[in-house]
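Reading the sequence shown from the start, the letters are residues 140 to 274 in this note's numbering. Idealized CB from N, CA, C, for every residue including glycine. Below is one structure, written out as structure tokens; the observations come after it.
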Amino acid sequence: MATAFRRKRGRIVGTLDQDELGIVVHLLKLTRDFVAPERAETGDPFLDLVAGMGETDPDPSEPSDPALLRLLPPAHRTDSEQASEFRRLTEHSLRTRKAANAKRAIEVLEGAPSSKLELDDGQAKQSWSRSLIFG
Numbered sequence: 140m141a142t143a144f145r146r147k148r149g150r151i152v153g154t155l156d157q158d159e160l161g162i163v164v165h166l167l168k169l170t171r172d173f174v175a176p177e178r179a180e181t182g183d184p185f186l187d188l189v190a191g192m193g194e195t196d197p198d199p200s201e202p203s204d205p206a207l208l209r210l211l212p213p214a215h216r217t218d219s220e221q222a223s224e225f226r227r228l229t230e231h232s233l234r235t236r237k238a239a240n241a242k243r244a245i246e247v248l249e250g251a252p253s254s255k256l257e258l259d260d261g262q263a264k265q266s267w268s269r270s271l272i273f274g
């Protein structure tokens, strides 16, 4: 059974049993795949940057899936043109970052030597908190 996560000697410590661990990993993988960019990375930082600026998809549309829309909301509620331009410039990198955070959290869980998890501040603040709130 899971125990509350607590700060202990500069680390965040808690436990999950194997079933709980499996469920969290499964949910993180589903979420990672759900938010991952539709356009694959090329491996070339410049080409990925240009692609992320909407060159290959000059007008990305707002997600039709309500769950994805909550994770990738419009940047402006009343000005659809401004929201569309912001989405064109940022959606690819935002999706990439969200998927990478989930991937790091999965790696921590899968690499844990036991059901006891010990996260340093960087892991807790960066990949974990961002994955769990999908920020």
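- Secondary structure at T154: strand, using DSSP grouped into helix, strand and coil.
- When secondary structure is reduced to three states using DSSP, R227 falls in the helix class.
- If you ignore the 5 residues before and after K168, its C-beta comes within less than 7 angstroms of the C-beta of I245, all in its own chain and listed in chain order.
- Going by DSSP, R209 is part of the alpha helix (DSSP H) stretching over 205-210.
- Around the CB of H231, 16 or more other CB atoms lie within 10 Å, so the residue is classed as buried.
- Our two residues, D183 and R236, have alpha carbons roughly 16 angstroms apart in a direct line.
- Sequence-distant Cβ neighbours of Q157 in its own chain, meaning closer than 8 angstroms and more than five residues away, are S254.
- Sixteen is the threshold: since fewer than 16 other Cβ atoms of the shown chains lie within 10 Å of the Cβ of S200, the residue is exposed.
- Under the DSSP assignment, E257 falls in the beta strand (DSSP E) whose first and last residues are 255-258.
- For R146, the number of other beta carbons within 10 angstroms of its own is below 16, and it is reported as exposed.
- If the five residues before and after A222 are omitted, its C-beta is found closer than 8 angstroms to the C-beta atoms of E201, P213, A214, H215, R216, all from its own chain and listed in chain order.
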